[in-house]
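Colleague: One structure, as structure tokens, below. Some questions next.
Printed below as a string of structure tokens:
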């Protein structure tokens, strides 16, 4: 671990040459000190009990060298992203903005889409008001991300602005001889009555580490439909945290889709800070071989008349492992809260494992809340029924597994993304036939 910390210290020292506002320098310096005090989490800590990040802590990941396209073009990148919406997108390669791969056409008045490094000079006061305001500095990976806060996406919608097309954020890690780390930092700000759809995609090749943080501010009666597609390489480590803050009547909808990586941990925290806020968290994770996918969610109802719904589903095969910890907090002032949470898991092999723990923490008395979790296998009676209708056993099992996932896939409103997931699941199920 000493070599890894030494590498972070060296990389942090080199960032001093980058000109940044004083307020941001203070954030980064305070975060690096705090990371030094916190260190990497261990399985002795309850929040990390089932996820051992020692492979990350022991590896001296280093920042990538300055980015050069080296032949990477939009035509070569598009097939990797699986679809092209023809809508605005910001592309980051090895954590650095790639203007020749990005597209910022057809923007409308009141909509800002910009790399964070540019927005620091063009929208400095707005960033100072929102950046690093919603995440906790006590989270070790957030502290590490804030220490290296230099690049990411900045999206801002002025009051009343509606933008229909999905806005893409693509973070791609190239295969390298070095073990690289990136710390993408995204800030999404919707003022009152603004509506937007944002898709974050993470992908790459080789042995690398992505440590991503996204902050979302939802103004009064605003609406954000947010998607995160994580399909990184099978040697990759991914730790990501999204923090949402919602004003009165603000609605935040999250679709977390975890398909790749050797070790993945996704944390989504939503603070319903004002009356009548709404939150929906949907998630689908599919793992096989030696993959581990950890989902941690927290919905915090702070004021009355809040509504939240959460549904996470997992499909596990091989020796894969998954963790789900879902926490709903209803504070004493949050009367008339309505909240429900469900985690359902399908095990397709004897060696796959899931640790699931839904948790309600209620301090108010006039609420309606429920939660539940299930872990099971395919219903053999249903398999038999389909076989009796002339359907082969692999296809029968595939159809039933697809049907299990469709409850999540059908909620996706972006047709190209939905088509990609259906294709991915079918490929996954074809492999299942060999199990």
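In our numbering, the protein residues as written are 2 to 436.
Positions of the beta carbon are idealized from the N, C-alpha and C atoms, including for glycine.
Computed from a predicted model, the values in this text were never measured in an experiment.
Mark residue 1 as exposed unless 16 or more other C-beta atoms lie within 10 angstroms of its C-beta, in which case mark it buried.
Modeller: Nothing can be reported for residue 1: it is not among the residues displayed for the chain, which extend from 2 to 436.
Colleague: Using the C-alpha atoms, what's the distance from residue 356 back to residue 401?
Modeller: Roughly 23 Å between the two C-alpha positions.
Colleague: Give the single residue among 263, 70, 140 whose Cα lies nearest to the Cα of residue 207.
Modeller: Minimum Cα distance to residue 207 is reached at 263.
Colleague: So if DSSP puts residue 133 in a beta bridge, which residue, or which two residues, is it bridged to?
Modeller: DSSP, once it has assigned bridges, lists no residue as partnering residue 133.
Colleague: I need the straight-line Cα distance from residue 273 to residue 219, nearest angstrom please.
Modeller: C-alpha separation (whole angstroms): 10 Å.
Colleague: What does the alpha-carbon distance come out to for the pair residue 11 and residue 161?
Modeller: Roughly 45 Å between the two C-alpha positions.
Colleague: Please classify residue 1: is it buried, with 16 or more other beta-carbons within 10 angstroms of its beta-carbon, or exposed?
Modeller: Because the chain here runs from 2 to 436, residue 1 falls outside it and cannot be looked at.
Colleague: What are the uninterrupted segments assigned as beta strand (DSSP E) that are 3 or more residues long and contained completely in the stretch 330 to 412, given in chain order?
Modeller: Complete beta strand (DSSP E) runs here, min 3: 339 to 348, 354 to 363, 369 to 377.
Colleague: Residue 280 and residue 288: beta carbons closer than 8 Å?
Modeller: Result no, Cβ atoms of residue 280 and residue 288 do not sit closer than 8 Å.
Colleague: Output the distance between the C-alpha atoms of residue 395 and residue 90, rounded to the nearest integer angstrom.
Modeller: C-alpha separation (whole angstroms): 39 Å.
Colleague: Between 415, 403, 414, which lies nearest to residue 423 when the distance is taken from Cα to Cα?
Modeller: Cα-wise, what sits closest to residue 423 is 403.
Colleague: Taking Cβ positions, are residue 328 and residue 299 nearer each other than 8 Å?
Modeller: Yes.
Colleague: Suppose contacts are defined by Cβ-Cβ distances below 8 Å. Is residue 44 in contact with residue 266 by that definition?
Modeller: The answer is no: Cβ separation not under 8 Å.
Colleague: Taking a contact to mean a Cβ-Cβ separation below 8 Å, would you say residue 335 touches residue 286 in this structure?
Modeller: For residue 335 and residue 286, no; Cβs fall outside 8 Å.
Colleague: Does the structure place the stretch 185 to 203 close enough to the stretch 58 to 72 that three or more beta carbon pairs sit under 8 Å?
Modeller: The stretch 58 to 72, when compared against the stretch 185 to 203, does not touch it at the 8 Å Cβ threshold.
Colleague: Given this structure, state the Cα-to-Cα distance separating residue 376 from residue 3, to the nearest angstrom.
Modeller: Going by the C-alpha atoms only, they are around 40 Å apart.
Colleague: In whole angstroms, what separates the C-alpha of residue 344 from that of residue 123?
Modeller: Cα to Cα, residue 344 sits roughly 43 Å from residue 123.
Colleague: Give the range of the beta strand (DSSP E) segment to which residue 224 is assigned.
Modeller: Residue 224 -> beta strand (DSSP E) spans 224 to 231.
Colleague: Could you compute how far the alpha carbon of residue 284 sits from the alpha carbon of residue 196?
Modeller: Each residue's alpha carbon lies about 22 Å from the other.
Colleague: Just verifying my parser: in three-state terms, what is the DSSP assignment at residue 287?
Modeller: DSSP places residue 287 in strand when its eight states are reduced to three.
Colleague: Given this structure, state the Cα-to-Cα distance separating residue 46 from residue 55, to the nearest angstrom.
Modeller: Rounded to the nearest angstrom, the two C-alpha atoms are 13 Å apart.
Colleague: Mark residue 163 as exposed unless 16 or more other C-beta atoms lie within 10 angstroms of its C-beta, in which case mark it buried.
Modeller: Its Cβ having fewer than 16 others within 10 Å, residue 163 is exposed.
Colleague: Quick check on the burial criterion: 16 or more other C-beta atoms within 10 angstroms. Buried or exposed for residue 390?
Modeller: Burial call: exposed.
Colleague: Entirely within the stretch 90 to 168 and at least 3 residues each: give me those beta strand (DSSP E) ranges in chain order.
Modeller: Complete beta strand (DSSP E) runs here, min 3: 90 to 94, 112 to 116, 154 to 158.
Colleague: For the beta strand (DSSP E) containing residue 268, name the first residue and the last one.
Modeller: Unbroken beta strand (DSSP E) run through residue 268: 264 to 273.
Colleague: Taking the CB atoms as reference points, tell me whether residue 171 and residue 114 lie closer together than 8 Å.
Modeller: Contact: no.
Colleague: Restricting to Cα atoms, I'd like to know which of 361, 378, 242 is closest to residue 201.
Modeller: Closest option to residue 201, Cα to Cα, is 242.
Colleague: Between residue 372 and residue 366, what straight-line distance do the alpha-carbon atoms span, to the nearest angstrom?
Modeller: Cα to Cα, residue 372 sits roughly 17 Å from residue 366.
Colleague: Taking only three categories from DSSP, how would you classify residue 19?
Modeller: DSSP places residue 19 in coil when its eight states are reduced to three.
Colleague: Heavy atom of the ligand ADP less than 7 Å from the Cβ of residue 199, yes or no?
Modeller: Judged by which ligands are present, the structure shown has none, so any question about the ligand ADP falls away.
Colleague: If you follow the alpha helix (DSSP H) that residue 82 is part of, which residue opens it and which one closes it?
Modeller: Residue 82 -> alpha helix (DSSP H) spans 75 to 82.
Colleague: So what's residue 423 in DSSP terms, helix, strand or just coil?
Modeller: Reduced to three states, the DSSP call for residue 423 is helix.
Colleague: By the DSSP assignment, the alpha helix (DSSP H) with residue 201 in it spans what residues?
Modeller: Taken as a continuous stretch (DSSP letters only), residue 201 belongs to no alpha helix (DSSP H), being part of the beta strand (DSSP E) at 196 to 205.
Colleague: Could you check which residue in 385, 32, 368 has the C-alpha nearest to that of residue 141?
Modeller: When each option's Cα is compared against that of residue 141, the closest is 32.
Colleague: I'd like the span of the alpha helix (DSSP H) that includes residue 57, first residue to last.
Modeller: Start and end: 55 to 58.
Colleague: Exposed or buried, what is residue 106 when buried is set at 16 or more other beta-carbons lying within 10 Å of its beta-carbon?
Modeller: That one is exposed.
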